[in-house]
Amino acid sequence: MIDQLLQFGGSLAAILALFLLAGWLKLGGVGRIDGPEHAMALASEVDLHFAPRDVIVDREGRAAILFDGAAVMLLMPHGNKFVGRVLGPAARVERTGEGLSVHSGERLHRPVEMALDHEEAEAWFARLRALD
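At position 68 of the sequence shown (counting the first as 1) the number is 1094 in the working numbering, and the numbers step up by one without a gap.
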C-alpha cells in the first residue's frame, strides 16, 4: 500500500513538474495576432513574395485575411501558432451573424470563424466574393 502511494505521489509530482516546465518554456496556450502589422509579418514568413496592401484581423486576434491586390491569404490557427494559405478556387466564404466563415478549401483545415464588425464583414465578404 505504501509503495502504491509513493508511486502515485511521484507520478503527480512529475506531472506538476512537466506542467511548470511547459509554462516556463511558453508551450501551449492560444496564439494571437496582435494587429495588422503582426499579421503582415506572419504572412511574410509564409510567403516572402506576398505583399499585402489590406489586412483585416479578427476581433480576438484568432485569424486574419490579407489582400495583396491579386491574391488573398488566410492566416488561421494551428495549435498555438498560425499557418497561412493563399486562397484558391476551392476556397469558400460565408457571411455569419458575427462576421465571416472562411474555408481554405483544404480538407485538413476547418472553416475559420472570424468575428468582425458588421461593416468590415460586409466589405470583405463582397471583396472575396468578387474574386471568384
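Note that CB positions come from ideal geometry on N, CA and C, so glycine has one too.
All values derive from a computational prediction rather than experimental measurement.
- As summarised for the segment 1100-1146, the continuous beta strand (DSSP E) elements at least 3 residues long and confined to that stretch are 1107-1112, 1118-1121, 1125-1129, 1138-1141, given in chain order.
- A Cβ-Cβ separation of about 5 Å places residue 1099 in contact with residue 1112 under the 8 Å criterion.
- Note on the segment 1037-1098: whole alpha helix (DSSP H) runs with a minimum of 4 residues are 1062-1072, in chain order.
- If you draw a straight line from the Cα of residue 1107 to the Cα of residue 1027, it comes to about 45 Å.
- In terms of CA proximity to residue 1123, 1139 leads the group 1035, 1139, 1132, 1133.
- In the structure shown, the three-state DSSP call for residue 1157 is coil.
- Approximately 6 Å separates the beta-carbon atoms of residue 1131 and residue 1114; this is inside 8 Å, confirming the contact.
- An exposed status is given to residue 1054, since fewer than 16 other beta-carbon atoms sit within 10 Å of its beta-carbon.
- Sixteen is the threshold: since fewer than 16 other Cβ atoms of the shown chains lie within 10 Å of the Cβ of residue 1031, the residue is exposed.
- Measuring C-alpha to C-alpha distances from residue 1134 to each of 1097, 1070, 1104, 1080 identifies 1104 as the nearest.
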